[in-house]
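Everything on this sheet refers to the single structure shown next.
Number of protein chains: 2
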Amino acid sequence: MGKPDLLPGTLDMLILKTLARAPLHGYAIAQSIKRMSDDVLTVEEGSLYPALQRLLIHGWVTAEWKMTDTRRRARFYKLTAAGRKQLGVEVSEFNQMIAAITRVLAEQP
Amino acid sequence: MGKPDLLPGTLDMLILKTLARAPLHGYAIAQSIKRMSDDVLTVEEGSLYPALQRLLIHGWVTAEWKMTDTRRRARFYKLTAAGRKQLGVEVSEFNQMIAAITRVLAEQP
DNA sequence: CCCTATCCCTAGATAATCTATACATAGAAC
DNA sequence: GTTCTATGTATAGATTATCTAGGGATAGGG
Numbered sequence: 001m002g003k004p005d006l007l008p009g010t011l012d013m014l015i016l017k018t019l020a021r022a023p024l025h026g027y028a029i030a031q032s033i034k035r036m037s038d039d040v041l042t043v044e045e046g047s048l049y050p051a052l053q054r055l056l057i058h059g060w061v062t063a064e065w066k067m068t069d070t071r072r073r074a075r076f077y078k079l080t081a082a083g084r085k086q087l088g089v090e091v092s093e094f095n096q097m098i099a100a101i102t103r104v105l106a107e108q109p
Numbered sequence: 001m002g003k004p005d006l007l008p009g010t011l012d013m014l015i016l017k018t019l020a021r022a023p024l025h026g027y028a029i030a031q032s033i034k035r036m037s038d039d040v041l042t043v044e045e046g047s048l049y050p051a052l053q054r055l056l057i058h059g060w061v062t063a064e065w066k067m068t069d070t071r072r073r074a075r076f077y078k079l080t081a082a083g084r085k086q087l088g089v090e091v092s093e094f095n096q097m098i099a100a101i102t103r104v105l106a107e108q109p
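Chain order of the listed sequences is S and B.
Under this note's numbering, the residues of the first sequence are numbered 1 to 109, in order.
Under this note's numbering, the residues of the second sequence are numbered 1 to 109, in order.
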């Protein structure tokens with residue numbers, strides 16, 4: 001595994017956040033994260049689908065097969081109430097971590 | 001492994017940054033990071049020493065056995081020029097990642 | 001008809017963390 | 001002088017999350 005395309009431990013949060021706007025299928029989730037991050041964050045399929053399984057198991061999302069507007073079958077994931085709550089928790093913890101790391105990095109010299 | 005005590009992938013950077021101020025032994029490095037982060041970041045010994053081995057192997061730090069001011073033998077780690085350069089790279093990449101994640105998290109709603 | 005983009009998914013490798021353990025000693029408490 | 005706590009180094013094994021590298025299907029354009 002070379003350099004990861006994202007910060008380990010943040011993928012679930014990014015997916016939940018993306019789904020907080022609207023239900024999307026996996027492929028579109030990855031595209032959305034890539035686009036919203038100005039191509040800095042890339043979600044590989046081998047990371048994406050296992051992550052979606054985790055979220056399903058935890059009950060943070062539900063899934064439903066539908067047709068896309070381009071007439072392709074796709075599995076749309078939708079945030080649950082528990083998922084929305086979890087997103088809040090993860091964002092909060094993430095911000096705390098970042099603030100702490102920033103304090104360390106801000107030390108002299 | 002429960003919830004990690006730090007963001008995975010940031011430990012090497014935190015150690016390098018800590019050593020950029022002054023050479024320290026392992027135990028003091030962990031204490032320093034904990035203290036500088038207001039107890040948010042905890043570096044477990046099982047993470048610390050493997051990380052120091054990695055840094056040694058990469059040539060980013062050197063190690064020397066010395067006595068502490070409390071008259072105990074301890075291994076003091078010192079940042080090398082390559083280590084200082086690496087710290088810059090890691091901080092830069094980290095900031096880019098954080099900025100990207102922040103953009104995703106800032107999306108509506 | 002082929003080629004690209006769109007879509008889903010899994011297996012195995014890799015890496016970084018944690019838990020748990022082992023060891024050693026200085027100094028304080030008693 | 002014994003015991004307790006903090007200081008100090010280190011490794012083994014489990015866990016988890018990521019990546020790489022596949023395998024499959026199909027819509028639409030050339």
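We put the beta carbon where it would ideally sit given N, CA and C, even for glycine.
Compute the Euclidean distance between the alpha carbons of arginine 71 of chain B and tyrosine 77 of chain B, then round it to the nearest angstrom. Sequence index remark: in the second sequence, residue 71 of chain B carries index 71 (1-based). Sequence index remark: in the second sequence, residue 77 of chain B carries index 77 (1-based). Between arginine 71 of chain B and tyrosine 77 of chain B, the C-alpha separation is close to 17 Å.
Quick check on lysine 3 of chain B: does DSSP put it in helix, strand or coil? Taking the first residue of the second sequence as 1, we reach residue 3 of chain B at position 3. In this structure, lysine 3 of chain B counts as coil in the three-state DSSP scheme.
Counting only Cβ pairs nearer than 7 Å, list the residues of chain B close to glycine 9 of chain S. Taking the first residue of the first sequence as position 1, residue 9 of chain S is located at position 9. Chain B residues near glycine 9 of chain S: Pro4, Leu7 and Pro8.
First and last residue of the uninterrupted beta strand (DSSP E) at glutamate 64 of chain B: Counting from 1 along the second sequence, the entry for residue 64 of chain B is found at position 64. Element bounds for glutamate 64 of chain B: 61-67.
Is it the case that the Cβ atoms of alanine 63 of chain S and arginine 73 of chain S are separated by a distance below 9 Å? As a first step, residue 63 of chain S is located in the first sequence; it is residue number 63 there, counting from the start. As a first step, residue 73 of chain S is located in the first sequence; it is residue number 73 there, counting from the start. Contact flag unset, no.
Which residues in the same chain have their Cβ closer than 6 Å to the Cβ of lysine 66 of chain S, if we skip the five residues on either side of it in sequence? Indexing the first sequence from 1 puts residue 66 of chain S at position 66. Here the set comprises Phe76.
Give every residue of the same chain whose Cβ lies closer than 7 Å to the Cβ of isoleucine 33 of chain B, excluding the five residues on either side of it in the sequence, and list them in chain order. Along the second sequence, read from residue 1 onward, the residue named residue 33 of chain B stands at position 33. Around isoleucine 33 of chain B: Leu14, Thr18, Leu41 and Val43.
Given valine 104 of chain S as reference, the closest of B:Arg84, B:Lys85 and B:Asp39 once Cα atoms are compared: Looking up residue 104 of chain S in the first sequence gives position 104. That would be B:Asp39, whose Cα lies nearest to the Cα of valine 104 of chain S.
Can you round the beta-carbon distance between glutamate 90 of chain S and leucine 16 of chain S to whole angstroms, since I take them to be within the 8 Å contact cut? On the first sequence, position 90 is the one that residue 90 of chain S refers to. On the first sequence, position 16 is the one that residue 16 of chain S refers to. 7 Å between Cβ atoms; contact.
Using the three-state DSSP reduction, which class does leucine 79 of chain B fall into: helix, strand or coil? The residue you call residue 79 of chain B lines up with position 79 of the second sequence. If DSSP states are grouped into helix, strand and coil, leucine 79 of chain B belongs with the strands.
Quick one: what's leucine 24 of chain S bridged to in DSSP? As a first step, residue 24 of chain S must be located in the first sequence, where it is residue number 24. In DSSP, leucine 24 of chain S forms a bridge with S:Tyr77.
C-beta atoms of leucine 52 of chain B and valine 61 of chain B nearer than 9 Å: In the second sequence, counting from the first residue as 1, residue 52 of chain B sits at position 52. In the second sequence, counting from the first residue as 1, residue 61 of chain B sits at position 61. Yes, they are a contact pair.
Using a beta-carbon distance below 9 Å, is glutamine 96 of chain B in contact with chain S? To locate residue 96 of chain B, count along the second sequence from 1; it is residue 96. Contact of glutamine 96 of chain B with chain S is assigned, a C-beta pair being separated by under 9 Å.
So, using beta-carbon positions, are arginine 84 of chain B and glutamate 107 of chain S closer together than 9 Å? Looking up residue 84 of chain B in the second sequence gives position 84. Looking up residue 107 of chain S in the first sequence gives position 107. Cβ atoms of arginine 84 of chain B and glutamate 107 of chain S: not closer than 9 Å.
Starting from the beta carbon of methionine 36 of chain S, find every residue of chain B whose beta carbon is closer than 8 Å, and list them in chain order. For this step, residue 36 of chain S is matched to residue 36 along the first sequence. Ordered by position in chain B, the residues that pass the 8 Å Cβ test against methionine 36 of chain S are Arg103, Val104 and Glu107.
Please work out which residues of its chain come closer than 8 Å, Cβ to Cβ, to methionine 36 of chain B, disregarding the five sequence neighbours upstream and downstream, and give them in chain order. Looking up residue 36 of chain B in the second sequence gives position 36. Here the set comprises Thr18.
Along the chain, where does the alpha helix (DSSP H) that runs through glycine 9 of chain S open and close? Numbered from its first residue, the first sequence carries residue 9 of chain S at position 9. Neither: glycine 9 of chain S is in no alpha helix (DSSP H) and is coded neither H nor E.
Out of curiosity, what's the CA-to-CA distance linking aspartate 12 of chain S and threonine 80 of chain B? In the first sequence, counting from the first residue as 1, residue 12 of chain S sits at position 12. In the second sequence, counting from the first residue as 1, residue 80 of chain B sits at position 80. Taking the straight line joining both Cα atoms gives about 36 Å.
Where does threonine 42 of chain S fall in DSSP's three states? Here residue 42 of chain S refers to the residue found at position 42 when the first sequence is read from its first residue. Correct three-state label for threonine 42 of chain S: coil.
Going by C-alpha to C-alpha distance, which of B:Gly9, B:Pro4, B:Lys3 and B:His25 sits closest to alanine 68 of chain B? Here residue 68 of chain B corresponds to residue number 68 of the second sequence, with the count starting at 1. Before going on, a small fix: residue 68 of chain B reads as threonine here, not alanine. Comparing Cα-Cα distances from threonine 68 of chain B to each of B:Gly9, B:Pro4, B:Lys3 and B:His25, the minimum goes to B:His25.
Just the C-alpha distance for asparagine 95 of chain S and glycine 9 of chain B, rounded to the nearest angstrom, thanks. Counted from its first residue, the first sequence places residue 95 of chain S at position 95. Counted from its first residue, the second sequence places residue 9 of chain B at position 9. Going by the C-alpha atoms only, they are around 16 Å apart.
Let me see if you follow: with CB-CB separation under 9 Å, is glutamate 44 of chain S close to chain B or not? Here residue 44 of chain S is taken as the residue at index 44 of the first sequence, counted from 1. Judged by the 9 Å Cβ criterion, glutamate 44 of chain S is not in contact with chain B.
Using the three-state DSSP reduction, which class does threonine 102 of chain S fall into: helix, strand or coil? Here residue 102 of chain S refers to the residue found at position 102 of the first sequence. Correct three-state label for threonine 102 of chain S: helix.
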